[in-house]
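Residue numbers for the sequence shown follow the UniProt record's numbering, so the first one is 1 and each next one is one higher.
Here is the structure we will look at.
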Amino acid sequence: MGLNLRIIAHIMGLLLLCNGSFMILAALVSVVYSDGATPEIFMAAIVTMLVGTMAMFYTRGHKKEVKPKEGYIIVTAGWLVMSISGVLPYIFTGSIPNLTNAFFETISGYTTTGASILSDIEALPEGILFWRSLTHWIGGMGIIVLAIAILPLLGIGGMQLFTAEAPGISSDKLHPRITDTAKRLWLIYVGYTLLETLLLKLAGMSFFDAINHALSTLSTGGFSTKNQSVAFWNDNPWIQYIIMLFMFLAGTNFVMSYLAFTGKVQKVLKDEEFRTYFFFILSFTIIAAVLVYFEADVQISDYHPMVWGAAESAIRHGLFQVLAVVTTTGFVTADFTNWTPFLTVFFFGLMFLGGSAGSTSGGIKVVRHLLIIKNGILEFKRTLHSNAIIPVRLNNKSVSEHIVYNVIGFFVLYMLLFIIGALVLAYLGLDFESAIGGAASSLGNVGPALGDLNPVVNFSILPPFGKWWCGFLMLLGRLELFTVLILLTPVFWKRT
């Protein structure tokens, strides 16, 4: 049987309508702040929604069934369609007139990478800044998860899309119906965003800065409204502590938040991935804070007023950068590559960690590292007891060999793609440090990198092909490799 191309095109139209609606929201912000970009942003919204309407109209007689193959195509094509249409506000307003740069900024937004080519962010119109943050927020919980919540209106089941969108270790659902799961996830996501906005406003941010940073934090994106990123508020520790709290929550499996809200706190505390995630954050922060305090105090004092003392400053900036890198949010309070050589390598290593499965963060994810470590330890026992069947256990439950092999395969493929990604960037003229940093940052959706792509500069130095290449790595990382790469295999396109 062939592919159901009509349902693919129909859902692309639906996504374009959603994207256009968000553009209208950005245009309304432009009206409020009288930034002069309103007509252009509205025009971008109209074009996007018109194309989406036409796509839905001409495919209205589609078969309302999404098979696994269609699911993978819809997810990958959906992210590309959203990214392509998402360049229109930048192009129409002239904020980023170059197509390559506009696409890089847009796909960096939707994949919640946060890498930017902009040198003067504060010069952008408020409507464009808000649109930039919205691309993060839309991509954070997942474009397709958003669409799943309204697919029943079209009579379409969404399980295949959810599986392709979130191909993690498990597909735990909060509710038997996948659409209700998507709605509950989005309710938590929206609630956290509103709460962070309120707290940041109370802490001293303007409302505009507060809502933009909340959109970026919950999506673990990292786009800021300031050229200095969060370092702009280094004299206000409360703002940074609030952002740290929500970075931690955004890097946690959203199912854990749901369990906590429904009174099942003990289940959260017993979850192995959550405990490992918390332990990683705590131990890495201690290492960073101690080294910052004893070895990088001069650099820290240059970048950050120590309003609460040297020890507090070291802890705060150590914790902030650990959270920003581990959760792949990418906010910046300092150039950690300017602290010590050890900390530069240390944070580079953290780019491969990632937050929890089921979170908005990128990277390999804590649960995969946990299963690889558990399986590695058990190999010693299996060597001594060759006839024994010793399964890997997670949360006191046996993990099937299929999942263990999947995790190992993912890790090997991830590292191979990192090496290939770095080689391509090196071929394009980047030095060793910049090449490996750019590849790790793009594939892990981290944002800041190393060398010439360090946290206080941007990716504008990349040649055009380098920007498209990093955009491809961002998409691979955001959709966890298999969803995109399976489309490049001959077996996928064979008729069955």
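Idealized CB from N, CA, C, for every residue including glycine.
Straight-line Cα distance separating residue j from residue i
| i | j | result |
| --- | --- | --- |
| asparagine 227 | asparagine 454 | 14 angstroms |
| glycine 78 | valine 326 | 27 angstroms |
| glycine 86 | glycine 139 | 12 angstroms |
| phenylalanine 274 | serine 356 | 7 angstroms |
| serine 229 | glutamate 65 | 45 angstroms |
| lysine 267 | methionine 415 | 33 angstroms |
| leucine 291 | asparagine 236 | 23 angstroms |
| glutamine 299 | threonine 340 | In this predicted model, glutamine 299 has a pLDDT of only 46, less than 50, meaning its place in the structure is not dependable enough to derive any value. |
| residue 512 | leucine 479 | The chain is shown only over 1 to 496; residue 512 falls outside these bounds and no answer can be derived. |
| phenylalanine 130 | valine 392 | 45 angstroms |
| asparagine 234 | leucine 17 | 40 angstroms |
| glycine 61 | leucine 487 | 26 angstroms |
| valine 484 | threonine 328 | 20 angstroms |
| leucine 350 | alanine 449 | 11 angstroms |
| threonine 100 | leucine 353 | 29 angstroms |
| threonine 360 | valine 366 | 13 angstroms |
| leucine 199 | threonine 383 | 54 angstroms |
| isoleucine 46 | isoleucine 91 | 14 angstroms |
Presumed contact (8 angstroms Cβ cut-off) between residue i and residue j, rounded CB distance
| i | j | result |
| --- | --- | --- |
| leucine 82 | leucine 15 | Before going on, a small fix: residue 82 reads as methionine here, not leucine. So it is a contact: roughly 6 angstroms between Cβ atoms. |
| threonine 442 | serine 119 | As written in the sequence, residue 442 is serine, which differs from the threonine given in the question. Serine 442 to serine 119, Cβ: 19 angstroms. No contact. |
| glycine 109 | threonine 135 | 3 angstroms |
| leucine 218 | phenylalanine 246 | 6 angstroms |
| leucine 394 | leucine 481 | So it is not a contact: roughly 21 angstroms between Cβ atoms. |
| serine 30 | proline 125 | 6 angstroms |
Buried versus exposed call for residue i [16 or more other C-beta atoms within 10 Å across all chains shown]
| i | result |
| --- | --- |
| alanine 123 | exposed |
| tyrosine 427 | exposed |
| isoleucine 11 | buried |
| tryptophan 493 | exposed |
| glycine 421 | buried |
| leucine 5 | exposed |
| serine 301 | Residue confidence for serine 301 is low, a pLDDT of 44 falling below 50, so the modelled location carries little weight and cannot support an answer. |
| isoleucine 419 | exposed |
| alanine 288 | buried |
| proline 89 | buried |
| lysine 381 | exposed |
| glycine 155 | Because glycine 155 sits at a pLDDT of 46, beneath the cut-off of 50, its placement in the model cannot be relied upon, and the point is left open. |
| glutamate 495 | Before going further, note that residue 495 is arginine rather than glutamate in the sequence given. Exposed. |
| tyrosine 258 | buried |
| leucine 3 | exposed |
| alanine 26 | buried |
| aspartate 431 | exposed |
| tyrosine 58 | exposed |
| leucine 282 | exposed |
DSSP-derived helix/strand/coil call for residue i
| i | result |
| --- | --- |
| serine 83 | helix |
| leucine 257 | In the sequence as presented, leucine is not what sits at residue 257; that position holds serine. DSSP places serine 257 in helix when its eight states are reduced to three. |
| serine 30 | helix |
| serine 398 | strand |
| arginine 393 | strand |
| methionine 49 | helix |
| glycine 451 | helix |
| tryptophan 493 | helix |
| aspartate 180 | helix |
| valine 456 | coil |
| glycine 409 | helix |
| glycine 61 | coil |
| isoleucine 300 | Per-residue confidence for isoleucine 300 stands at a pLDDT of 48, beneath the threshold of 50, marking its modelled position as unreliable; the derived number appears in the next sentence. Isoleucine 300 falls in the helix class under three-state DSSP. |
| alanine 388 | coil |
| threonine 285 | helix |
| glutamate 480 | coil |
| glutamine 266 | helix |
| leucine 350 | helix |
| alanine 439 | helix |
Check: residue i C-beta below 7 angstroms from any heavy atom of the ligand MG
| i | result |
| --- | --- |
| valine 268 | The model depicted lacks the ligand MG and carries no ligand whatsoever. |
Are the segment 106-117 and the segment 205-223 touching, with three or more C-beta to C-beta distances below 8 angstroms? yes
If you pair each beta-carbon of the segment 309-326 with each one of the segment 238-246, do three or more pairs fall below 8 angstroms? yes
Decide yes or no for the touch test of the segment 367-379 against the segment 463-474: beta carbon pairs closer than 8 angstroms, at least 3 of them. Segments in contact, no.
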